[in-house]
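Student:
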Amino acid sequence: MGRYIARRLLLTIPVLLGSTFLIFAMVYALPGDPIAALAGDRPLAPGVVAELKDRYNLNDPLLVQYGKYLGALLQGDLGTDFAGRSVSETVAERLPVTVKLALVAVGFEALIGLIAGVLAGIRKDSFFDNLVLVTTIAVVSVPVFVLGFVAQITLALRLNLFPISGIGEGLYSYLLPGFVLGSLSLAVVARLTRTSLVENLRNDYVRTARAKGLPPRTVLAKHALRNSLIPVVTFLGADLGALLSGAIVTEGIFNIPGLGRTVFQAVQSGEGAVVVGVVTLFIFFYIVFNLVIDIAYAALDPRIRYE
Amino acid sequence: MSSPPNVSSGQGQDGSLLRSSDAPDPTQSRLPVTTDDTSTGGDRQASLWSDAWRQLRRNPIFIVASMLLLVLAVMAAFPQLFTNTDPRSCDLANSRGGPGTNGAWFGYDLQGCDYYANVIYGARVSMTIGVFVVGSSLFIGVVLGALAGFYGGWFDSLMSRITDIFFGLPLILGAILLLNAFTGERGTFQVGLALIAFGWMTILRLLRSSVISVKAADYVQAARALGANDWRIITTHILPNAIAPVLVYATILIGGVIAAEATLSFLGIGLQLPAISWGLQINGARNFVRTSPYLLLIPSAFLSATVLCFIMLGDALRDALDPKLR
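Protein chains in written order, with the working numbering: chain A, 1 to 307; chain B, 1001 to 1326.
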């Protein structure tokens, strides 16, 4: 187990290097001169420009800039934006907001998605089953920004059930954006749970469990469900990483000051350090979640052992 | 790998539709593998594809979805057939006139342009981008995936690492970055390129894993023993039997790409005015949702319906191509 984790962590190094370089190259190619933008209408003195360009390594070629960035990164320094604020500070301030949003979304996915999927799975072909199928396929085909908008207009603006935007009302204001963010995956979780439960309920071991007289509840909870959850857990884990970037759209619509909005604004204003820092963090989360999921397999499925 | 299920066993007992797992998962792609090769020509052609086609023809969901997509395709190619009004001839006097004003079915937008004509012309961008992006991704993914799966070795490892790197960067985020790095005009082509750059990986992985599991099949060994070269083995023996899960995924991906284009245009970094796109129309509607909700709802409905059609088509294809579900 320890060796497996070590090997996996080693494998993430080239991936992280490659992804950060990819982002770095794209940010490097962003048009516009950030130093000139800093000054506004009155151009800066040439000496100041030279000093600033030097401080942000803007005169170096791409590879040298990247090397210097990595060097700083290894010492835990994410750099500073052009306003002089350290990126780590921005991240520390915005990250909890996005994490809360993502957790609310995953909470919805796990709770509603699993319940709907299980109920549809044990009553295959029932009315409820068909209802779940139709609803999920409808939800999947509506793009998130459309759903967010419509939810904002109807539930928040017209019916006044939720705050329209911002996070002024604590956890309550995360509910609607969290639901919108998680809606697509919620539908996928429901269908995945249903399909995998239906498949497992047909298996011999379930018949055996029933035949030896176990109560239906135990058969479902201890035998069928445990095996059915493996693909669902995989999906939820991979999804946590995807949610962070999905937050770009949702945070924009609901005006939530999280990392998604930060990175979007940073891309548009050419704040390279912020973009690279935040996106690297996203990728790191994505890789870590995937590793955690792979380890969770072993807990769910006793046949899987990592040597 | 489990033994490949045989296709020729009973077809279509289960008349019900949409009964399959969602979101194709590259780690557990099921492989429909047929043991009788079409080219050998038996008494009855029972290849995977003819079986699938027979089942598809009887599937109402497939028929409805493909009919709707046909209409959308005609709409994209010849919008003049649906409307005589020029979407760009606008009269400010009509600004935000609701549906029914002056006989305009969907009313007018902020600039006083006929909204029905605009929504009809919006189909072109969506369909073009969907087909362009998925076609190119298929080309990249199938060529590289087949080579990686068939030859393995260092090329395979290299491809795995590269896909890992691109997977780390989510589609929308990567496309936002790339589109901002493009200087100059951002048109359909640029948006398409950005979506290809971060959308091709899953196809490669799916094809690679299905090529690997087909590669060991007896008929491939037989073809090799008969002296077929690699090219012939890959194109006539392996690909036809390995491509089914990829085609299912690609069909659904068209819907995903269309939604992604609309999202990018909505965020203001995809297409730009005066281009006509559903995403741009939804973006333009955002300030008038209270007073003129139809400006938001109509393009949203068209966009969602298009995505829905591709998802249903993909679902129907999966049901037809996956013998395990029969």
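Don't be surprised by glycine CBs; every beta carbon is placed ideally from N, CA and C.
May I ask you to list, following chain order, the residues of the region 1131 to 1161 of chain B that have a beta carbon less than 8 angstroms from some beta carbon of chain A?
Tutor: Arg1161
Student: Can you tell me where the alpha helix (DSSP H) with B:Glu1261 in it begins and where it stops?
Tutor: Taking the first residue of the second sequence as position 1, residue 1261 of chain B is located at position 261. Segment Ala1244 to Leu1267, the alpha helix (DSSP H) holding B:Glu1261.
Student: Sort B:Phe1198, B:Ala1073, B:Leu1207 and B:Pro1087 by Cα distance to B:Cys1113 and report the nearest one.
Tutor: Position 113 of the second sequence, counted from the first residue, corresponds to residue 1113 of chain B. Residue B:Pro1087 is the option with its Cα nearest to B:Cys1113.
Student: Sort out for me which residues DSSP pairs B:Asp1114 with in a bridge.
Tutor: Taking the first residue of the second sequence as 1, we reach residue 1114 of chain B at position 114. Under DSSP, B:Asp1114 takes part in a beta bridge, and its partners are B:Tyr1108.
Student: How long is the line joining the alpha carbons of B:Pro1026 and A:Leu17, rounded to whole angstroms?
Tutor: The sequence position of residue 1026 of chain B within the second sequence is 26, counting from 1. The sequence position of residue 17 of chain A within the first sequence is 17, counting from 1. The predicted position of B:Pro1026 is uncertain, since its pLDDT is 44 and thus under 50; a value taken from the coordinates is nonetheless stated next. Here the alpha carbons of A:Leu17 and B:Pro1026 stand approximately 24 angstroms from one another.
Student: According to the Cβ coordinates, are A:Phe145 and A:Val188 closer than 8 angstroms?
Tutor: Sequence index remark: in the first sequence, residue 145 of chain A carries index 145 (1-based). Sequence index remark: in the first sequence, residue 188 of chain A carries index 188 (1-based). No, these two residues do not count as a Cβ contact at 8 angstroms.
Student: Distance, Cα to Cα, A:Thr136 vs A:Arg191?
Tutor: For the purposes of this step, residue 136 of chain A is taken as residue 136 along the first sequence, with counting starting at 1. For the purposes of this step, residue 191 of chain A is taken as residue 191 along the first sequence, with counting starting at 1. Going from the Cα of A:Thr136 to the Cα of A:Arg191 covers about 7 angstroms.
Student: Once DSSP output is grouped into helix, strand and coil, what is the label at A:Thr80?
Tutor: Taking the first residue of the first sequence as position 1, residue 80 of chain A is located at position 80. DSSP places A:Thr80 in strand when its eight states are reduced to three.
Student: Buried or exposed, going by whether 16 or more other CB atoms sit within 10 Å of the CB of A:Val48?
Tutor: For this step, residue 48 of chain A is matched to residue 48 along the first sequence. Its Cβ having fewer than 16 others within 10 Å, A:Val48 is exposed.
Student: To the nearest angstrom, how far is it from the Cα of B:Ala1244 to the Cα of B:Ile1238?
Tutor: Here residue 1244 of chain B refers to the residue found at position 244 when the second sequence is read from its first residue. Here residue 1238 of chain B refers to the residue found at position 238 when the second sequence is read from its first residue. If you take the alpha carbons of B:Ala1244 and B:Ile1238, they lie about 11 angstroms apart.
Student: Tell me whether A:Ser86 sits in a helix, a strand or coil according to DSSP, three-state version.
Tutor: In the first sequence, residue 86 of chain A corresponds to position 86, counting from 1. Strand.
Student: Would A:Tyr286 count as contacting chain B if we go by Cβ distances under 8 angstroms?
Tutor: To locate residue 286 of chain A, count along the first sequence from 1; it is residue 286. Chain B, which has a Cβ nearer than 8 angstroms to the Cβ of A:Tyr286, makes this yes.
Student: Grab the span of the alpha helix (DSSP H) containing B:Asp1315 for me, first residue to last.
Tutor: In the second sequence, residue 1315 of chain B corresponds to position 315, counting from 1. Here the alpha helix (DSSP H) through B:Asp1315 covers Tyr1294 to Leu1321.
Student: Which of the three DSSP states is assigned to B:Asp1051 in this structure?
Tutor: As a first step, residue 1051 of chain B must be located in the second sequence, where it is residue number 51. Residue state, collapsed to three classes: helix.
Student: Would you check if the distance between the CB atom of A:Phe162 and the CB atom of A:Leu171 is smaller than 8 angstroms?
Tutor: Start at 1 with the first residue of the first sequence, and residue 162 of chain A comes out as number 162. Start at 1 with the first residue of the first sequence, and residue 171 of chain A comes out as number 171. Result no, Cβ atoms of A:Phe162 and A:Leu171 do not sit closer than 8 angstroms.
Student: By Cβ distance below 7 angstroms, which residues in the same chain neighbour B:Phe1266 in space, the five residues on each side in sequence not counted?
Tutor: Along the second sequence, one-based indexing puts residue 1266 of chain B at 266. These residues qualify, in order along the chain: Gly1279, Ile1282 and Asn1283.
Student: Going by Cα to Cα distance, which pick from A:Gly178, A:Phe24 and A:Ser86 is closest to A:Val249?
Tutor: Start at 1 with the first residue of the first sequence, and residue 249 of chain A comes out as number 249. Nearest option by C-alpha distance: A:Gly178.
Student: Is there a Cβ from chain B that is less than 8 angstroms from the Cβ of A:Gln65?
Tutor: As a first step, residue 65 of chain A is located in the first sequence; it is residue number 65 there, counting from the start. No, A:Gln65 does not count as interfacial toward chain B.
Student: In whole angstroms, give me the CA-to-CA distance for B:Arg1205 and A:Met26.
Tutor: Sequence index remark: in the second sequence, residue 1205 of chain B carries index 205 (1-based). Sequence index remark: in the first sequence, residue 26 of chain A carries index 26 (1-based). About 25 angstroms.
Student: Should A:Val134 be labelled buried (16 or more other beta-carbon atoms within 10 Å of its own) or exposed?
Tutor: To locate residue 134 of chain A, count along the first sequence from 1; it is residue 134. A:Val134 should be labelled exposed.
Student: Identify the continuous alpha helix (DSSP H) that holds B:Pro1206 and give its terminal residues.
Tutor: Taking the second sequence and counting its residues from 1, one reaches residue 1206 of chain B at position 206. Checking the sequence shown, residue 1206 of chain B turns out to be Leu, not Pro. Looking at the DSSP string, the run of the alpha helix (DSSP H) that includes B:Leu1206 is Met1201 to Lys1215.
Student: Round the Cβ separation of B:Ala1148 and B:Arg1208 to the nearest angstrom and send it over; I've been treating them as touching at under 8 angstroms.
Tutor: Reading the second sequence from its first residue, position 148 is the one you call residue 1148 of chain B. Reading the second sequence from its first residue, position 208 is the one you call residue 1208 of chain B. Right, their Cβ atoms sit about 5 angstroms apart.
Student: Please name the residue, chosen from B:Gly1168, B:Ala1262, B:Ala1228 and B:Val1211, that lies closest to B:Val1143 on a Cα-to-Cα basis.
Tutor: The residue given as residue 1143 of chain B occupies position 143 in the second sequence. Selected option, being the one with the closest Cα: B:Val1211.
Student: Quick check: is the beta carbon of A:Gly252 nearer than 8 angstroms to any beta carbon in chain B?
Tutor: As a position in the first sequence, residue 252 of chain A is number 252, starting the count at 1. Yes, its Cβ sits closer than 8 angstroms to a Cβ of chain B.
Student: Quick one, which residues of the region 1278 to 1290 of chain B are near chain A if we go by CB-CB under 8 angstroms, in chain order?
Tutor: Ile1282, Arg1286, Val1289 and Arg1290
Student: Answer yes if the region 1220 to 1230 of chain B comes into contact with the region 1185 to 1196 of chain B, meaning at least three C-beta pairs across the two stretches below 8 angstroms, and no otherwise.
Tutor: no
Student: Should B:Pro1170 go down as buried or exposed, given a rule of 16 or more other Cβ atoms within 10 Å for buried?
Tutor: Residue mapping note: residue 1170 of chain B aligns to position 170 of the second sequence, counting from 1. Buried, since its Cβ has 16 or more Cβ neighbours within 10 Å.
Student: Can you tell me the Cα-Cα spacing of A:Ile5 and B:Val1125, whole angstroms?
Tutor: Walking along the first sequence from the start, residue 5 of chain A turns up at place 5. Walking along the second sequence from the start, residue 1125 of chain B turns up at place 125. Approximately 46 angstroms between the Cα atoms of the pair.
Student: What runs of the beta strand (DSSP E), each 3 residues or longer, lie entirely inside the region 165 to 189 of chain A?
Tutor: none
Student: If we count the other Cβ atoms within 10 Å of its Cβ and call it buried at 16 or more, is B:Asp1022 buried or exposed?
Tutor: Numbered from 1 along the second sequence, position 22 holds the residue referred to as residue 1022 of chain B. Unreliable positioning characterises B:Asp1022 in this predicted model, as indicated by a pLDDT of 41, which lies under 50. The coordinate reading is nonetheless provided below. Buried: at least 16 other Cβ atoms inside 10 Å.
Student: Going along chain B in order, which residues have a C-beta closer than 7 angstroms to the C-beta of A:Ala242?
Tutor: Sequence index remark: in the first sequence, residue 242 of chain A carries index 242 (1-based). Residues of chain B passing the Cβ test: Pro1170.
Student: Spatial neighbours of A:Ser86 within its chain, please: CB distance less than 6 angstroms, with the 5 preceding and 5 following residues excluded, ordered by chain position.
Tutor: To locate residue 86 of chain A, count along the first sequence from 1; it is residue 86. Within the same chain, A:Ser86 has close Cβ partners Thr80.
Student: Answer yes or no: do A:Ile295 and A:Val233 have a C-beta to C-beta separation smaller than 8 angstroms?
Tutor: Residue numbering aside, residue 295 of chain A sits at position 295 when the first sequence is read from its first letter. Residue numbering aside, residue 233 of chain A sits at position 233 when the first sequence is read from its first letter. Cβ atoms of A:Ile295 and A:Val233: not closer than 8 angstroms.
Student: Is it right to say A:Arg94 is buried, meaning 16 or more other beta carbons lie within 10 angstroms of its own, or is it exposed?
Tutor: On the first sequence, position 94 is the one that residue 94 of chain A refers to. Label assigned to A:Arg94: buried.
Student: Determine, using beta carbons only, whether A:Val279 comes closer than 8 angstroms to chain B.
Tutor: For the purposes of this step, residue 279 of chain A is taken as the residue at position 279 of the first sequence. By this cut-off, A:Val279 is an interface position.
Student: Using DSSP with H/G/I as helix, E/B as strand and the rest coil, what is A:Pro75?
Tutor: Against the first sequence, residue 75 of chain A aligns to sequence position 75. The displayed chain sequence assigns Gln, not Pro, to residue 75 of chain A. Residue state, collapsed to three classes: coil.
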